[in-house]
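The block underneath contains the structure these notes are about, expressed in structure tokens.
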Amino acid sequence: MIIWSAILFLILIIIMSGFSLYLLSDKEIYLPYRLTSTMELIKFLYPESYNPSKMMELARDALFGQLDRYSGYLEPKELGRVTEEFSGSYGGIGITIVSQDQGLMVMSVREDGPAARAGMKSGDIIYKVDSTNVKGVNAYRATFLLRGSEGSPVELGVLRKFNNIADTLQFELTRQRLPLIHVPYAGITPGGSLYIRLLDFEAGSAMEVFAALDSLYLRNPDSIRGIIFDLRGNPGGLLTEAVSIAGLFMKKGKIVVGMKGRSRWNNTVFRAQGDDIADGLPIALLVDKGSASSSEILAGSLRYAGRAFLVGDTTFGKGLVQEFDDLGDGSGLRITTARYYFEGNIFLNDPKAAVKDSAPGIPPDYYYQATEYEPFPLELESSLLMREYAIENQDRIAADSGVISTNPGWLDDFRNYMYQHGFDYESQLSREIGAAVIEAHLDSAKEETIAAANRLYNVSRREDSSQFTGYKEYIRQRLFQVALETKFGVAESYRRAIVPYRWDIALAEQIFKESKKN
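Just so you know, the sequence shown maps onto residues 2 to 519 in our numbering.
This is the structure:
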């Protein structure tokens, strides 16, 4: 017993000696002491200027200013918001944001929220919230400007770029409480595929996905041609939820996702725990630039393992993993700790480079540009006229058998409604030519120059006037969708107005057919 006590004492001495040597060799160990000593000296010499809370806030901002935009200090209320989003419901306008040079960039727009109904899109840049300029404001702090009591108004100033041309828009929104419904719809398409719309990866999302698979596929697998996951505008959420969903479709032991951190303690590999429940059934993932974080984990893990193909646009491109740490006083830290990678050691974010704000994103196997991102639909959506008309005429519109109606009278009626409410689409090209015409008059340009500019302007305006005809199928589908959603609910609008008419879904099903032939 005495011998064992002596051995343990000797080991303790060695450990303590090593720790002491480490402390003595770490020159940075004195930096916090230097900071507190400086503050004490300021307190003594400049008592009237001594404000420890403000000093610490400035020090924190300077500290996190050296890191990536996803890392930051969380005030107690901000840390509480994170917990709230992961577990229940939240009030706001339904967008996910990150800091950007010009303001706050919208990563994704929740389809059932106020921002989506007003026509906001991924990639929009918010430069003002009410009267507050948010350029340079931390995204977590800006969230409190965007949030407020349910039913309260908020006005946003937004920059929107299309083909490298920026436009300024104003949105007046009403905040609402947003329940976290992860799978608003799952059903069988007319082509025999299982379609699952996944809005996020918060707690419970994997369970909802499995429930959809269980009821619509596992009980009758031979009737399903392929599985389509719709991840458009999905901002992500919990890593564990994405891992759980991806693991359902991969062979046991396959890498779902790996995380490579700054130290060996941050290196983790998640592997599939069971067999592929779909037994190799083809999978399509619908993605766009609003598909971020855990959406990219699901997309990347299945794609690079050879289990799925991507249809749509390049994903947001984050490639980084964050951890939340509670500091014990109610506040906390959100710190980027690792980059993630997929089968084949494929990283989204270059592992040899310093941490970057974003990665290139995952490119689709089959590119598809959604119609709603084009200028005319964007402006029409922002006017809210389609939503207002569809709600006012929901009985008439919903009574039709489908989007391709034999009685398009309500579409012509909407066109008149649109003009009566002052909607006059003017393209960016028309605005620029119009400005050039005014400038030519002010500069007393030659008559032939002014005449030529006027001719160009008239040609451009005629093109603007033809946009309604060019997008009438899209307009008809959107009116039908809103009418069904208002009268019967979200699921019915998906079943009758969205799934049968989405071109990206049709493309995925065509690829399923081709793969079966091969």
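Where is the CB? At the ideal position from N, CA and C, for every residue including glycine.
Given the structure is predicted, the values throughout are model-derived calculations rather than measurements.
Cβ-Cβ distance between residue i and residue j below 8 Å
{"i": "phenylalanine 202", "j": "alanine 247", "result": "no"}
{"i": "glycine 320", "j": "tyrosine 305", "result": "no"}
{"i": "glutamine 103", "j": "lysine 136", "result": "yes"}
{"i": "leucine 485", "j": "glutamate 493", "result": "yes"}
{"i": "serine 109", "j": "glycine 291", "result": "yes"}
{"i": "lysine 261", "j": "aspartate 276", "result": "no"}
{"i": "alanine 143", "j": "leucine 105", "result": "yes"}
{"i": "tryptophan 504", "j": "tyrosine 374", "result": "no"}
{"i": "leucine 311", "j": "isoleucine 284", "result": "no"}
{"i": "isoleucine 506", "j": "tyrosine 196", "result": "yes"}
{"i": "arginine 111", "j": "leucine 170", "result": "no"}
{"i": "phenylalanine 172", "j": "valine 159", "result": "yes"}
{"i": "proline 127", "j": "isoleucine 98", "result": "Rather than proline, the amino acid found at residue 127 in this sequence is isoleucine. Cβ atoms of isoleucine 127 and isoleucine 98: closer than 8 Å."}
{"i": "isoleucine 336", "j": "glutamate 324", "result": "yes"}
Three-state secondary structure assigned by DSSP to residue i
{"i": "arginine 176", "result": "coil"}
{"i": "alanine 204", "result": "coil"}
{"i": "glutamate 156", "result": "strand"}
{"i": "leucine 493", "result": "As written in the sequence, residue 493 is glutamate, which differs from the leucine given in the question. Glutamate 493: helix per DSSP, three-state reduction."}
{"i": "glutamine 171", "result": "strand"}
{"i": "valine 99", "result": "strand"}
{"i": "leucine 232", "result": "coil"}
{"i": "leucine 199", "result": "coil"}
{"i": "glycine 248", "result": "helix"}
{"i": "threonine 269", "result": "strand"}
{"i": "tyrosine 374", "result": "helix"}
{"i": "isoleucine 363", "result": "coil"}
{"i": "alanine 279", "result": "coil"}
{"i": "valine 500", "result": "helix"}
{"i": "tyrosine 51", "result": "coil"}
{"i": "valine 258", "result": "strand"}
{"i": "glutamate 515", "result": "helix"}
{"i": "leucine 22", "result": "With a pLDDT of only 46 at leucine 22, under the threshold of 50, the placement of this residue in the model should not be trusted; the figure read from the coordinates follows. Three-state result, leucine 22: helix."}
{"i": "tyrosine 218", "result": "helix"}
{"i": "leucine 75", "result": "strand"}
{"i": "isoleucine 43", "result": "helix"}
{"i": "leucine 68", "result": "coil"}
{"i": "isoleucine 225", "result": "coil"}
Alpha carbon of residue i to alpha carbon of residue j, nearest angstrom
{"i": "serine 123", "j": "proline 236", "result": "10 Å"}
{"i": "tyrosine 51", "j": "serine 38", "result": "13 Å"}
{"i": "glycine 410", "j": "serine 402", "result": "14 Å"}
{"i": "leucine 498", "j": "proline 180", "result": "The question names leucine, but residue 498 is alanine in the sequence shown. Taking the straight line from one Cα to the other gives about 23 Å."}
{"i": "leucine 59", "j": "proline 33", "result": "15 Å"}
{"i": "leucine 219", "j": "proline 376", "result": "42 Å"}
{"i": "asparagine 455", "j": "arginine 463", "result": "12 Å"}
{"i": "lysine 514", "j": "valine 460", "result": "44 Å"}
{"i": "glutamine 101", "j": "alanine 293", "result": "16 Å"}
{"i": "alanine 399", "j": "isoleucine 182", "result": "25 Å"}
{"i": "isoleucine 512", "j": "tyrosine 71", "result": "37 Å"}
{"i": "arginine 416", "j": "glycine 301", "result": "43 Å"}
{"i": "threonine 407", "j": "aspartate 125", "result": "Confidence at threonine 407 is low in this model, with a pLDDT of 48, below 50, so the placement of that residue should be treated as unreliable; the coordinate-derived value is given next. Each residue's Cα considered, the two are about 37 Å apart."}
{"i": "glutamine 429", "j": "leucine 232", "result": "31 Å"}
{"i": "phenylalanine 489", "j": "aspartate 113", "result": "15 Å"}
{"i": "alanine 391", "j": "threonine 315", "result": "32 Å"}
{"i": "phenylalanine 211", "j": "glycine 227", "result": "16 Å"}
{"i": "isoleucine 363", "j": "glycine 307", "result": "14 Å"}
{"i": "alanine 167", "j": "serine 383", "result": "16 Å"}
{"i": "leucine 24", "j": "proline 115", "result": "Low confidence applies to leucine 24: its pLDDT is 46, below 50, so where it sits in the model is not reliable enough to give any reading."}
Bridge-paired residues (DSSP) for residue i
{"i": "lysine 253", "result": "None, per the DSSP bridge assignment."}
{"i": "glycine 92", "result": "Arg178"}
{"i": "tyrosine 186", "result": "Arg198"}
{"i": "phenylalanine 348", "result": "Tyr342"}
{"i": "glycine 238", "result": "Phe202"}
{"i": "tyrosine 368", "result": "Gly313"}
Residue i beta carbon near the ligand FMN (any heavy atom closer than 7 Å)
{"i": "leucine 412", "result": "Because no ligand of any kind appears in the structure shown, any question about the ligand FMN cannot be addressed here."}
With a floor of 4 residues, list each alpha helix (DSSP H) that falls wholly inside the segment 377-449, ordered by position along the chain. You should have 386-393, 395-399, 410-421, 429-443.
Q. In chain order, which continuous runs of the beta strand (DSSP E) of length 3 or greater are located wholly inside the segment 101-162?
A. Counting only runs of 3+ residues, the beta strand (DSSP E) found wholly inside the segment 101-162 occupies 104-110, 126-130, in chain order.
- Unbroken beta strand (DSSP E) runs of length 3 or more, entirely within the segment 284-345: which are they? Entirely contained in the segment 284-345, the beta strand (DSSP E) runs reaching 3 residues are, in chain order, 284-288, 310-313, 321-327, 333-343.
Contained beta strand (DSSP E) runs [length at least 3] in the segment 450-490, N- to C-terminal order: None, since the segment 450-490 contains no complete beta strand (DSSP E) of that length.
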